[in-house]
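The structure appears below as structure tokens.
Residue numbers (the working numbering): 3 to 287.
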């Protein structure tokens, strides 16, 4: 039987005092908001800026990171859960040294893992503690147990919305749950597919105002990504838009978001680390 607490204690003892990964979980209340595409392009920008960046495709059962990248890998998280591979054995490489932890698609068991499987997966992620600067976790949409577990692991949760009322309503429900269960304290918002920057900013500010008024929680507005044909064309061609159109307005907006994440100094911000997140989940040390 998988003993998470024992694994965590041994891992804690074996880790030297090094810089800890900053864990950012990216979620959405509703599917179809462009979350995975944003994660992939953001990961490329961060890697291009010198940040050792790892994307974990945690949309378990409906993985799409490899599709957006146009890259396919021999092994994925299903092999890890079955005990056939360790996490470091399935990591693939993307543009600018971007590291990818691929998942499986069309596997129902992945979408609704038992607690033991979910805990094993999260504990395996602790092996990335000191080998990456930024860990981007791309979760599924909604408020499943898997999403909440990965949110609990994070230093920061980024919520992706569109200006559509259904997207905003579902995102509010997700934020409400994160706040009320104290799963996440630092939450940021990205408005995707806005008509223009002003539309995205107004949408974001309204959402932030409502969240602060009714949930008594401050959310940071990270930025807005416009609805641009370049983006949909890039998805169809399986070639990220920050590579095909690096000087486009939509790419520049993503650069702004990346800079906000890295910090003004450009050297990155150290996170509490994966082990700290695991202690929050398991209550161990």
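For glycine and all other residues, C-beta sits at the position ideal for the given N, C-alpha and C.
As assigned by DSSP and simplified to three states, the class of residue i
i: residue 266; result: A caution first: residue 266 carries a pLDDT of 43, below 50, which makes its placement in the model too unreliable to give a value.
i: residue 121; result: helix
i: residue 185; result: coil
i: residue 62; result: coil
i: residue 240; result: coil
i: residue 175; result: helix
i: residue 45; result: helix
i: residue 128; result: helix
i: residue 257; result: helix
i: residue 73; result: coil
i: residue 33; result: coil
i: residue 78; result: coil
i: residue 50; result: helix
i: residue 133; result: coil
i: residue 21; result: coil
Residue i and residue j closer than 7 Å at C-beta
i: residue 150; j: residue 185; result: yes
i: residue 166; j: residue 26; result: no
i: residue 65; j: residue 23; result: no
i: residue 93; j: residue 77; result: no
i: residue 32; j: residue 226; result: no
i: residue 141; j: residue 29; result: yes
i: residue 231; j: residue 198; result: no
i: residue 244; j: residue 43; result: yes
i: residue 2; j: residue 190; result: Coverage of the chain is limited to positions 3 through 287, which leaves residue 2 absent and any answer about it impossible.
i: residue 180; j: residue 156; result: no
i: residue 163; j: residue 173; result: yes
i: residue 193; j: residue 205; result: yes
i: residue 72; j: residue 240; result: yes
i: residue 248; j: residue 46; result: no
i: residue 135; j: residue 54; result: yes
i: residue 262; j: residue 210; result: no
i: residue 119; j: residue 83; result: yes
i: residue 148; j: residue 62; result: yes
i: residue 250; j: residue 236; result: no
Cross-strand partners of residue i (DSSP beta bridge)
i: residue 249; result: Note: residue 249 sits in no beta bridge, so no partner.
i: residue 101; result: 56 and 95
i: residue 27; result: 139 and 159
i: residue 191; result: 161 and 223
Check: residue i C-beta below 6 Å from any heavy atom of the ligand MN
i: residue 70; result: As presented, the structure is devoid of all ligands, the ligand MN included, so that no description of it is given.
*Scan the segment 195 to 230 and note each continuous alpha helix (DSSP H) run of 4 residues or more that stays entirely inside, going in chain order.*
Listed in chain order, the complete alpha helix (DSSP H) runs (minimum 4 residues) inside the segment 195 to 230 are 199 to 217.
*Determine, using beta-carbon pairs with one atom in the segment 56 to 63 and one in the segment 124 to 136, whether at least three such pairs fall under 8 Å.*
yes
*Which whole runs of the alpha helix (DSSP H) in the segment 135 to 169 are 4 residues long or more, in chain order?*
147 to 155, all fully within the segment 135 to 169.
*Are there three or more Cβ pairs, one per stretch, closer than 8 Å when the segment 97 to 104 is compared with the segment 41 to 53?*
In short, these stretches touch, since the Cβ pair count reaches three.
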